[in-house]
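Okay, structure first, notes after.
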Amino acid sequence: MNAQAFRQWIVMPVFVALMAVALSACADDDGDASDDAGQAELDRPIEFAEQAGDSFQMLNAIARFVAEEGYGYETNATHAETVAMWQGLTTGDMDVSMEIWVDQMPNWEQ
1 MNAQAFRQWI VMPVFVALMA VALSACADDD GDASDDAGQA ELDRPIEFAE
51 QAGDSFQMLN AIARFVAEEG YGYETNATHA ETVAMWQGLT TGDMDVSMEI
101 WVDQMPNWEQ
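For the record, in the sequence shown the residue sitting at position 64 is 64 according to the working numbering, with numbers rising by one throughout.
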């Protein structure tokens, strides 16, 4: 199995399943069905870091769809190169990066 087939048939479904589990952890856990079920509690849009790669854009599209349609959150996607993306994630200007290539990242000391 080549690397592309491995990503397509193994990694991506596992990733999507993990995202579904992670996002379900954000759900209200009191068990009460209420009129505002599925409504977002965040008072601003979730800011996604967007880069040029196809896989990056696909993962963002899936996660944004789930956040918007499943949980009622507003989202934005802002294009940023790698260093700017890391800076935005560090300062809180960006909330989510769906794909990070760790081997290409400089060491960040905090």
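In this text, a Cβ means the ideal position worked out from N, Cα and C, and glycines have one as well.
For residue i, count neighbouring Cβ atoms within 10 angstroms of its own Cβ and tell me buried if that reaches 16, exposed if not.
i, result
"I46", "buried"
"Q51", "buried"
"G92", "exposed"
Near residue i, which residues of its chain fall below 6 Å by C-beta distance, leaving aside the five closest residues on each side in sequence?
i, result
"A49", "A80, M85, M94 and S97"
"A77", "F48, E50 and N60"
Tell me which residue opens and which closes the beta strand (DSSP E) that residue i is part of.
i, result
"A52", "Segment: none, A52 is in no beta strand (DSSP E) and carries neither H nor E."
"A67", "Here A67 belongs to no beta strand (DSSP E), and DSSP marks it neither H nor E."
Need the endpoints of the alpha helix (DSSP H) that residue i sits in, please.
i, result
"A84", "T82 to T91"
Please return the same chain residues whose Cβ sits closer than 8 Å to the Cβ of residue i, not counting the five positions on each side in sequence.
i, result
"E99", "Q51, G53, S55, F56 and L59"
"Y73", "A40, L42, P45, I46 and A67"
"F15", "L59"
Quick one: measure Cβ to Cβ for residue i and residue j, integer angstroms, because I've assumed they're closer than 8 Å.
i, j, result
"L18", "Y71", "With 8 Å as the limit, L18 and Y71 do not qualify as a contact, their Cβ atoms being about 16 Å apart."
Output needed for residue i: all residues of its chain with C-beta closer than 7 Å, excluding positions within five of it in sequence on either side, in chain order.
i, result
"T75", "P45, I46, F48, R64, A67 and E68"
"G88", "A49, A80 and M94"
Does the count of Cβ pairs from the stretch 66-74 and the stretch 82-92 closer than 8 Å reach three?
Flag = no, the stretch 66-74 and the stretch 82-92 do not touch.
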